[in-house]
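Notes follow the structure.
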Amino acid sequence: MSVIGSDRPPSRLDVLKQHVEHEFGSAIAQRLDTFEDGTFYVTAGGWARLLSWFVDFVVYLFCAFAGFVAVVLATRDSEISDNAALLTILGLLVGVPVLYGLFFGNGRALGAVLTGTRLVRAKNGHRIGAAAPWAMLVRTVLFPALIAAMTVGGAVDGSLSRVSIDDGATRRLHAAGFLRLDGYGPAGR
Numbered sequence: 002m003s004v005i006g007s008d009r010p011p012s013r014l015d016v017l018k019q020h021v022e023h024e025f026g027s028a029i030a031q032r033l034d035t036f037e038d039g040t041f042y043v044t045a046g047g048w049a050r051l052l053s054w055f056v057d058f059v060v061y062l063f064c065a066f067a068g069f070v071a072v073v074l075a076t077r078d079s080e081i082s083d084n085a086a087l088l089t090i091l092g093l094l095v096g097v098p099v100l101y102g103l104f105f106g107n108g109r110a111l112g113a114v115l116t117g118t119r120l121v122r123a124k125n126g127h128r129i130g131a132a133a134p135w136a137m138l139v140r141t142v143l144f145p146a147l148i149a150a151m152t153v154g155g156a157v158d159g160s161l162s163r164v165s166i167d168d169g170a171t172r173r174l175h176a177a178g179f180l181r182l183d184g185y186g187p188a189g190r
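In my numbering, each residue carries its 1-based index in the sequence shown increased by 1.
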C-alpha cells in the first residue's frame, strides 16, 4: 500500500485519514491535522475562518467608532489639547481589540460563535486563556496590516501559536475515538 501519487508508504496520519474519510466523509478527512502533542483536530474551513475574522473585525470597527464618537462628544467643549484627543483615539485603536479579547479567553469570540469555530493553542488544543487579548489584537489590527504589507511585497517567516478549529467536527472526531496519533483510532486500529 502506498500514498496515492507517490511511492512512499502511508504514514499513520494517512491511514487515519482513510478511516476518518470512511466514517465522516472526505471534507473532514482533508482538514484533519494534529496538534504538536499528537492530538487530532479538524481545521476550520477557509470560508469559516474568513467569516469569523470579518465578524470580529466589524465588531472592532463598530466599537472603535463608538469610542471615537464618545471622545469627540466628550472633548468638543473642553480645553483638552488636540494631541491628547489624538492619543486617546490611537489608544482606542489598540485598546478596543485588547478589551474585546479579554472577554473571549475560551477562543469563542462573536465571529467564532457564529461560524462554529474555536481559536486554540497549536501546541495542545487548549484554550488560549490569557493570550486572548493579544490574539484579538493580532486578528483585528496586525493581520490587516500584514495583508497590506504582503500585497505591497515581502515575505514573513514565523510559526503559528494558535489555530482555528472546526469545533463541532473535532468533537465528533474525538467522540468516535479518534484522539491521538499514538493511538490513532477507535480500539487502537
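Note that CB positions come from ideal geometry on N, CA and C, so glycine has one too.
Rounded to the nearest angstrom, what separates residue i and residue j at their Cα positions?
| i | j | result |
| --- | --- | --- |
| ASN84 | VAL95 | 17 angstroms |
| ASP183 | GLY39 | 7 angstroms |
| TYR61 | LEU138 | 10 angstroms |
| ALA123 | TYR42 | 10 angstroms |
| ARG109 | THR118 | 7 angstroms |
| GLY126 | GLY169 | 14 angstroms |
| VAL21 | ARG181 | 13 angstroms |
| GLY159 | ALA30 | Caution applies to GLY159, whose pLDDT of 49 falls short of 50 and renders its modelled position unreliable; the model cannot decide the point. |
| GLY178 | ALA49 | 25 angstroms |
| GLY26 | ARG173 | 12 angstroms |
| LEU103 | LEU115 | 19 angstroms |
| PHE144 | GLU24 | 36 angstroms |
| ASP15 | ARG9 | 11 angstroms |
| PHE203 | ALA133 | This structure does not reach residue 203, given that the chain is present from 2 up to 190, and the question cannot be answered. |
| ALA86 | SER79 | 11 angstroms |
| GLU37 | ALA131 | 20 angstroms |
| VAL59 | GLY47 | 18 angstroms |
| PRO11 | ARG32 | 17 angstroms |
| LEU111 | ASP34 | 25 angstroms |
With a cut-off of 8 angstroms on the beta carbons, I'd call residue i and residue j a contact; round off their distance for me.
| i | j | result |
| --- | --- | --- |
| SER165 | SER53 | 7 angstroms |
| ASP167 | ALA75 | Not quite, the Cβ-Cβ distance comes to about 43 angstroms (not below 8 angstroms), so this is no contact. |
| GLY92 | ILE129 | Actually they are not in contact, since the Cβ atoms of GLY92 and ILE129 sit about 24 angstroms apart, beyond 8 angstroms. |
Please identify the residue among the options whose C-alpha is closest to the C-alpha of residue i.
| i | options | result |
| --- | --- | --- |
| CYS64 | GLU37, HIS20 and THR141 | THR141 |
| HIS1 | VAL56, ASP8 and LEU17 | No answer is possible for residue 1: it lies beyond the span of the chain, which begins at 2 and ends at 190. |
| PHE1 | GLY117, ALA49 and LEU88 | This structure cannot settle anything about residue 1, because the visible part of the chain is limited to 2 through 190. |
| THR171 | ALA110, VAL121, TYR101 and GLY112 | VAL121 |
| ALA113 | ALA28, PRO11, LEU51 and ASP8 | LEU51 |
| VAL56 | ARG9, ASP8, TYR101 and ASP78 | TYR101 |
| ALA28 | THR35, GLN19 and ALA146 | GLN19 |
| TRP135 | LEU111, VAL99 and ILE148 | VAL99 |
| VAL72 | ILE90, VAL59 and GLY47 | ILE90 |
Run the CB neighbour count on residue i, radius 10 Å, all protein chains shown included, and call it buried at 16 or more, exposed below.
| i | result |
| --- | --- |
| ILE81 | exposed |
| VAL97 | buried |
| ARG77 | exposed |
| ARG13 | exposed |
Counting only beta-carbon separations shorter than 8 angstroms, does residue i have a partner in chain B?
| i | result |
| --- | --- |
| LEU74 | Annotation note: the requested chain B is absent from the structure, which comprises a single protein chain. |
Which runs of the beta strand (DSSP E) spanning at least 3 residues fall entirely within the stretch 10-69, listed in chain order?
Unbroken beta strand (DSSP E) runs of no fewer than 3 residues, entirely contained in the stretch 10-69, are found at 33-35 and 41-43, following chain order.
Contiguous alpha helix (DSSP H) assignments of at least 4 residues, all confined to the stretch 56-143:
83-103, 111-116 and 133-138
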